[in-house]
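In my numbering, the protein residues as written are 4 to 236.
To keep things clear, I will list the structure first and then write my remarks on it.
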Amino acid sequence: MQNKNEEVAFFTPLADEDYAPLSDDLHDFVISIIGPHVRGKILEAGCGTGVLGRKLSTADITGVDICPSMIRTASLRSKHKYIVGDLEDKNLFPAGSFDTIICPWVLHHFPDIDTVAQNLKTWCKPGGHIILVEPNGDCLVNRLSKLVRDVMLLTGKSIASYGTSNETDHKCSVYLSHFSDCDAICIERYGSDMHEAKSRDRLVQAKQMLYGAAKWLPQKFGEPGLIIIFRNG
Ligand SMILES: C[S@@+](CC[C@H](N)C(=O)[O-])C[C@H]1O[C@@H](n2cnc3c(N)ncnc32)[C@H](O)[C@@H]1O
């Protein structure tokens, strides 16, 4: 179960920095893949500062995030509608409210995606698109990184550079099984070529070097990022 206080506490100070987990290159790549599938009334679920939505050339976007300071920053940066809410609250929106739901870099913040996946399917119109952009839980570097994180947690060390303890890099098969009543119309793995070692944190720098080395592995195990686009059943 997701520890919601930890999510809000972790992301509150980051909102002031206009936080975005992806580099510009990665955002542009993601937009090039998802852009043709985005249409109509859009929900940016777990929008953070709304950085991805701002890059989409579409007018009708609602952003929702559990962290009030993220919503404050998003509202200052754009004219879209932003609200504070929990994606595990099924009453957040009426059924069939959206043509497209984009969930960028969010579902790995839920150790169990059962409730949130069900809600996304309910809020999306039948035939609408549900777009997930996530870490690739099959990627060997991501798996090693989570192992290091878990050892640090067990020994009581800080995990600030690893985000929150909720973070779980789900495998592609986990997403496919939770959305098995939908068609997966696009599965794309990406990112090892585009990571920039900007962080001063040694662990993050090491991870980014390993991503570079892992690009020689088959995509499933080498690429750190995953995009899946579903047609809602
Ligand atoms: C890694 S950030 C991604 C932010 C944004 N989507 C982006 O790509 O820049 C994860 C976001 O999910 C939000 N979040 C985590 N749990 C949530 C929940 N239960 N309901 C809504 N938002 C949540 C966090 O507050 C945070 O803004």
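Ideal Cβ positions, reconstructed from N, Cα and C, are used throughout, including at glycine.
Output the distance between the C-alpha atoms of residue i and residue j, rounded to the nearest integer angstrom.
i: VAL109; j: HIS30; result: 15 angstroms
i: ALA120; j: ARG152; result: 25 angstroms
i: GLY215; j: GLY166; result: 21 angstroms
i: GLU10; j: PRO107; result: 16 angstroms
i: HIS40; j: LEU220; result: 29 angstroms
i: ALA18; j: GLY88; result: 16 angstroms
i: VAL144; j: CYS50; result: 26 angstroms
i: PRO97; j: ARG42; result: 19 angstroms
i: LEU135; j: ILE36; result: 12 angstroms
i: THR171; j: ALA62; result: 32 angstroms
i: SER161; j: ALA209; result: 17 angstroms
i: ARG146; j: LYS174; result: 10 angstroms
With a threshold of 6 angstroms, establish whether the CB of residue i neighbours any heavy atom of ligand 1.
i: TRP126; result: no
i: ILE86; result: no
i: HIS181; result: no
i: GLY51; result: yes
i: PRO107; result: yes
i: PRO129; result: no
i: HIS2; result: Here the chain comprises residues numbered 4 to 236, so residue 2 is not present and cannot be evaluated.
i: ALA23; result: yes
i: LEU110; result: no
i: CYS189; result: no
i: MET73; result: yes
From the options, pick the residue whose C-alpha is nearest to that of residue i; which is it?
i: SER72; options: PRO39, ILE232, TYR85; result: TYR85
i: PHE113; options: HIS132, TYR178, GLY56; result: TYR178
i: GLY53; options: PRO39, THR125, PRO227, GLU20; result: GLU20
i: VAL67; options: SER60, THR61, ILE45, LEU59; result: ILE45
i: LYS128; options: VAL154, ARG203, ASP196, SER100; result: SER100
i: HIS111; options: PRO138, ILE105, ILE133; result: PRO138
First and last residue of the beta strand (DSSP E) that includes residue i?
i: GLY228; result: 228 to 234
i: THR103; result: 101 to 107
i: TYR85; result: 84 to 87
With respect to the alpha helix (DSSP H) encompassing residue i, which residues constitute its N-terminal and C-terminal limits?
i: ARG205; result: 205 to 217
Buried or exposed: which applies to residue i, given that a residue is buried once 16 or more other Cβ atoms fall within 10 Å of its Cβ?
i: LEU25; result: buried
i: THR15; result: exposed
i: ASP141; result: buried
Is there a Cβ from chain D that is less than 7 angstroms from the Cβ of residue i?
i: ASN6; result: In the displayed structure, chain D is absent; only one protein chain is listed.
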